[in-house]
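Okay, so here's the structure we're looking at.
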């Protein structure tokens, strides 16, 4: 009797045009009395759906009957779940729109009714559903239903901790991003997609699964060029806020490692934007991320022109800015100083593109860090960096000039009563630059640098500055007329600053008479110069050139001469021999500095134990290599230099003893007076 009743009630329900609640209630009552009949009822419903798969109304009635029964008989779900899963997949794969939606609705019923045992039993079939959903992406209504079904899939996988299983397929991502692409920025769809992705990410508790998901996430976006979609950016923006810090750190690291694999600059920028948002939310290890960010600077760019014209310029500038932001966020000054030391070491001229980009980065860094931080930078790599003054690449020379000046003085020269001793190697670097074809703008930068050294330097600096200015003037006669004029007015302006600073009236009068015609080359405002287009009708400077002997006589006869120890040395001229000596003097001073520093500095900064005689010899001979067609005089320069280097080799034992002492104190750079030393990185005055 019962058998005929449940069949009668079931077919009565299916014969209705729409779902009949009264008929369903009667059927449900029958199932409560005889749950063993449930599998047969579901087989009948499944067969009915298969036969009527193109008849929307019939399918909707049957699937709703299935769904309502599953909710009301969930204790017997194991008897009917396989049939439900088959119907869900059959409907979702239908070509009829409303039949697809009926399948999605049935999946929602199953999600509410299912338990872990049911999911595990049917897992092989369930994990195919996301792939079925990829065929549903159409208009916005279908997309919303599709994402609803996908959300249910994620819930099911979370239920059995099998989320990583679904991550082995790109189908989830395909459904999400196809939906976003086809929705034309629909806000509701974007929100749905975002919640699904975040539901996945926030459910991951282990690093391995996180990396697996983010790698697939990134590769999918790369392959389909979807990084720049606004909705994708919106989703990425939520990552750093919604996930656990330890997981976010893994995500940031994974994205940073993936960026070099992306071919499109737009994709790189989108990924970097994500990293920036995450770091701004103070998520992840900023200290480690700085080094990873630096690893992104791998582009074959060797000049400013190439940089300006390269499509990667916006990306590179973003990397620079983000590195500076990270350094600012780091509270430990030693970490900042160590990174700065590391970048100085990367500018070693073994690779011009690497040196150029790192020098650009250094200019950004030294402009963003406080002077107290720069003072803590180990000097070893900075000393090596100075050899870039002699680079064959004019843009590297230019940026080196800007970096060194900013590293020593900051963006603006501070007013202070303290005076400093500056490295002879720096001044010789400026001299070397002036002997090469140099733009008016670079000559102005050299002037500013030397001007600042004069304004903050000790009076004994004149023993070296005057001979060097005389040497530059003599060498300028071999330059073209324009460069000779620029160099002339720069040297005279430097003398004018010396005369003003030390109140040397004779020098003021001397320079005033030789500044005639400067307006043809520069705009003058106080001690500032600005390069201008050189006029055709310009003053001939040959009769106005600096004469070193005259300048020396003026200084020796002034009151300031009494303050200069060894004033008689100011007459010495820079010759080929002692110019070569300047290049090796830095090596000679190491032993002296190991003793002198104990008296002048209480700070101790260790240097690399890799210092050896060969390394010192390399530093000493840096920049001395000339072209094969160079004159005999230049060849003599090299000969003298190598001879002195060989003499140093004979005294290697004594020198290494001095280096052993040096390892316990600051490394100092050479200066004109050998009993005074230069703190190369900090400008700390000597008491």
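In our numbering, the protein residues as written are 40 to 726. Ideal placement from N, C-alpha and C gives every residue a C-beta, glycine not left out.
Below 9 Å between beta carbons: does that hold for residue i and residue j?
i	j	result
residue 215	residue 243	no
residue 131	residue 174	yes
residue 187	residue 117	no
residue 259	residue 251	no
residue 119	residue 105	yes
residue 609	residue 502	yes
residue 533	residue 554	no
residue 488	residue 525	no
residue 383	residue 420	yes
residue 423	residue 387	yes
residue 103	residue 141	yes
residue 143	residue 184	yes
residue 29	residue 354	Only positions 40 to 726 of the chain appear in the structure, and residue 29 is not among them; the question remains open.
residue 341	residue 365	no
residue 556	residue 520	no
residue 95	residue 135	yes
Sort out for me which residues DSSP pairs residue i with in a bridge.
i	result
residue 403	Residue 403 pairs with nothing; no bridge assigned.
residue 142	DSSP output for residue 142 lists no bridge partner at all.
residue 565	In DSSP, residue 565 forms no bridge with anything.
residue 459	496
residue 570	561
Looking only at its own chain, which residues have a Cβ that is under 6 Å from the Cβ of residue i, when we skip the five neighbours before and after it?
i	result
residue 597	543
residue 661	Low confidence applies here, because residue 661 scores a pLDDT of 46, under 50, leaving its location unreliable and the question unanswered by this model.
residue 723	Note that residue 723 has pLDDT 33, beneath the 50 cutoff, so the model's placement of it is unreliable and the number below is only indicative. Correct list: empty, nothing qualifies.
residue 124	161, 164
residue 347	none
residue 286	249
residue 257	297
residue 510	613
residue 500	none
residue 97	91
Which residue wins for smallest C-alpha separation from residue i, given the options the options?
i	options	result
residue 518	478, 506, 488	478
residue 537	558, 566, 555, 469	566
residue 377	343, 412, 407	412
residue 362	111, 269, 407, 469	407
residue 482	527, 119, 350	527
residue 389	184, 402, 431, 359	431
residue 492	232, 446, 165	446
residue 490	418, 524, 448, 195	448
residue 100	585, 87, 111	87
residue 547	335, 393, 356, 531	531
residue 331	306, 288, 304, 349	288
residue 393	335, 230, 167	335
residue 506	172, 568, 587	587
residue 21	480, 584, 580, 196	The question about residue 21 has no answer here: the residues shown for the chain are numbered 40 through 726.
residue 36	283, 172, 357, 262	Given a span of 40 to 726 for the chain in the structure shown, any question on residue 36 remains unanswerable.
residue 585	599, 514, 602, 569	514
residue 179	220, 462, 313	220
residue 133	145, 317, 171, 109	171
Compare the C-beta of residue i with all C-beta atoms of chain C and state if any pair is closer than 9 Å.
i	result
residue 369	As a matter of chain content, chain C is missing from the structure shown, which is built from one protein chain.
Give me the Cβ distance between residue i and residue j, rounded to the nearest whole Å; I'm assuming they're in contact under 8 Å.
i	j	result
residue 343	residue 434	5 Å
residue 473	residue 485	6 Å
residue 370	residue 398	Actually they are not in contact, since the Cβ atoms of residue 370 and residue 398 sit about 27 Å apart, beyond 8 Å.
residue 441	residue 402	6 Å
residue 233	residue 277	6 Å
residue 228	residue 182	6 Å
residue 176	residue 217	5 Å
residue 498	residue 459	Contact flag wrong, Cβ pair sits at about 12 Å.
residue 261	residue 222	Not really, about 21 Å apart at Cβ, beyond 8 Å.
residue 350	residue 304	5 Å
residue 199	residue 226	About 33 Å separates the two Cβ atoms, so there is no contact after all.
residue 150	residue 194	6 Å
Can you list, in chain order, the residues of its chain with a C-beta nearer than 7 Å to that of residue i? Leave out the 5 residues immediately preceding and following it.
i	result
residue 409	none
residue 253	290, 293, 294
residue 122	81, 82, 85
residue 516	523
residue 415	372, 373, 376
residue 437	481
Here's a check: name, in chain order, each residue in its chain whose Cβ is nearer than 8 Å to the Cβ of residue i, leaving out the five neighbours to either side.
i	result
residue 469	428, 440, 485, 488, 489
residue 549	534, 538, 589, 590, 593
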